[in-house]
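J.: In terms of numbering that gives the first Met the number 0, the sequence shown opens at residue 0 and continues consecutively.
Backbone N, C-alpha and C fix where the C-beta goes; we use that ideal spot for every residue, glycine too.
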Amino acid sequence: MSEKLFLTEALATGYGDIQVLWGVDLDVDAGEIVCLVGSNGAGKSTLLKCVSGLLPATAGRVLMKGVDISHATSDQVLDAGIAQVPEGRRLFSAMSVKNNLLMGAYLRRDGQVAIQKELQFVFDLFPILAERMGQNAGTLSGGEQQMCAVARGIMSKPALLMIDELSLGLAPIMVERLAKALLEINRTGISILLVEQDVTAAFELSRRGFVLESGRVVLSGPTSELVKNSMVQEAYMGI
């Protein structure tokens, strides 16, 4: 049986008096790509904020490699091996592409040689970033900015990469390129939690999926089965 790299147990959180997540159970095995899908406002980004230490859990637990990180700070979460690619990229627009990438490695303690090796890996993965490493990140196209955001996430050498809305606002050809890159990233041993409104794209990439509605997981299982579910087809796939 695969090791449970990451899991949430009965996780609840919200904003002030407004509860958004209600008892969410979710898990990712080592080496796996898992998707979390749901409509806008279902609580997907809130879940990632809670895991990342940006929003306190009001109940339940977050475990990474068996360690409870429910009340960890963002730095501690990153140090535990979880990196997030936030919705909307959130790059430092006035900084160069290269410096944006190096910002992703700021907590690493394995030395410059290892960091340069990671930098070469992301440049091989996204050659356009190598071409534009001296350019300010704000001058990149939307698709190139998403590549830079994913690459910055990899630079921390995470065990789990959480990606919030990979495909949002991007042309289908760019989504396809990024999807291929994610498979390549996964082949290096990095597990991926893909949070997406585009259910079809998410299911094609992932082995398992969780469906979130109004802050609750209403369905989960292999994506090969979820794609055949009539509720999923009707609500998310227009079938």
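Less than 7 Å between C-beta atoms, sequence neighbours within five positions excluded: which residues of the same chain meet that for GLU86?
T.: Start at 1 with the first residue of the sequence shown, and residue 86 comes out as number 87. Counting only Cβ-Cβ distances below 7 Å, and skipping sequence neighbours, we find SER44, ASP163, GLU164, LEU167.
J.: Along the chain, where does the alpha helix (DSSP H) containing VAL149 start, and where does it finish?
T.: Counting from 1 along the sequence shown, the entry for residue 149 is found at position 150. Its alpha helix (DSSP H) spans residues 141-153.
J.: Kindly indicate which residue of LYS48, ARG176, ASN185 has the alpha-carbon position closest to the one of PHE125.
T.: In the sequence shown, the residue the question calls residue 125 occupies position 126. The shortest C-alpha separation from PHE125 is found at ARG176.
J.: Please determine, among VAL210, GLN75, LEU20, the residue with the shortest C-alpha to C-alpha distance to TYR105.
T.: Counted from its first residue, the sequence shown places residue 105 at position 106. Answer by Cα proximity: GLN75.
J.: Locate the alpha helix (DSSP H) running through VAL96, then write down its first and last residues.
T.: Here the question's residue 96 lines up with position 97 in the sequence shown. Unbroken alpha helix (DSSP H) run through VAL96: 96-102.
J.: Considering only residues of the same chain and omitting the five flanking positions on each side of ALA58, which have a CB-CB separation below 7 Å?
T.: Position 59 of the sequence shown holds residue 58. Excluding residues within five positions, the ones whose Cβ falls inside 7 Å are ALA9, ALA11.
J.: Count the other C-beta atoms from every protein chain shown that fall within 10 angstroms of the C-beta of SER229, then say buried if there are 16 or more, exposed otherwise.
T.: In the sequence shown, counting from the first residue as 1, residue 229 sits at position 230. With fewer than 16 Cβ atoms within 10 Å of its Cβ, SER229 is classed as exposed.
J.: When you compare only the Cα positions, how much space is there between LEU128 and GLN145?
T.: Taking the first residue of the sequence shown as 1, we reach residue 128 at position 129. Taking the first residue of the sequence shown as 1, we reach residue 145 at position 146. In a straight line, the C-alpha of LEU128 is about 11 Å away from that of GLN145.
J.: Using only alpha-carbon positions, find the residue among GLN18, ARG207, ASP28 that is nearest to LEU4.
T.: As a working mapping, residue 4 is identified with position 5 in the sequence shown. That would be ASP28, whose Cα lies nearest to the Cα of LEU4.
J.: Taking just the CA atoms, how far does GLY52 sit from SER73?
T.: Residue 73 sits at position 74 when you count from the first residue of the sequence shown. Residue 52 sits at position 53 when you count from the first residue of the sequence shown. Taking the straight line joining both Cα atoms gives about 5 Å.
J.: Please name the residue, chosen from PRO157, GLY65, LEU169, SER95, that lies closest to ASN135 on a Cα-to-Cα basis.
T.: Taking the first residue of the sequence shown as position 1, residue 135 is located at position 136. Of PRO157, GLY65, LEU169, SER95, the residue nearest in Cα terms is SER95.
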